[in-house]
Amino acid sequence: MRHAVNKQQHAVERIRELFAKSLGYPLPATKGDYAIARHFQATPASDAGSYLVFLHATTRDDKHWPEDHWRELIALVAPTGLHIRLPWGTPLEHERARRLAEGFAHVEVLPK
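In structure tokens form, the structure reads like this:
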């Protein structure tokens with residue numbers, strides 16, 4: 437059976453409507469809350485001014501730039517007043533980010 441849905445609405449709302457019609461339940465009156473806005477709310481990290489993001493992680497060990505090179509680059513950035521953010525995705529990347537940030541006030545290891 438085919439169901440008509442308005443294609444001029446957000447894709448997620450369109451799917452919600454299609455599922456409701458297909459499965460025979462009433463479409464909720466409220467729009468979905470995807471928690472996207474909370475992701476972009478100001479945090480102490482985002483309020484610190486200009487910053488650089490150093491992407492130190494990679495999928496293969498043989499592609500890693502040596503940590504002493506990263507730390508040298510981090511030290512070179514210090515006098516510029518820029519902050520450095522270090523993202524991570526795995527526990528190993530988190531440990532690496534913490535080692536890179538150690539001793540530098542202008543470097544922040546980001547939360548996951």
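Residue numbering for the sequence shown follows this note's numbering, beginning at 437 and increasing consecutively.
Cβ atoms here follow ideal geometry from the backbone N, Cα and C, with glycine treated the same way.
Reduced DSSP secondary structure (H/G/I, E/B, other) of residue i
i	result
HIS505	helix
ARG496	coil
VAL441	coil
Terminal residues of the alpha helix (DSSP H) in which residue i lies
i	result
HIS530	527-537
LEU488	Unbroken run through LEU488 is the beta strand (DSSP E), 487-489; no alpha helix (DSSP H).
LEU454	447-459
Spatial distance of residue i from residue j (CA atoms)
i	j	result
LEU546	TRP524	7 angstroms
ARG452	ARG474	22 angstroms
PHE490	LYS467	37 angstroms
HIS542	HIS519	5 angstroms
GLY517	PRO464	50 angstroms
GLU529	ARG450	38 angstroms
PRO515	LYS499	28 angstroms
ALA440	ALA511	60 angstroms
THR494	PHE455	39 angstroms
GLU522	ALA471	One detail in the question is off: residue 522 reads as Leu in this sequence, not Glu. If you take the alpha carbons of LEU522 and ALA471, they lie about 23 angstroms apart.
Range of the contiguous beta strand (DSSP E) that encloses residue i
i	result
LEU522	519-522
_I want to know whether the stretch 493-509 touches the stretch 535-542 - three or more CB-CB distances under 8 angstroms._
yes
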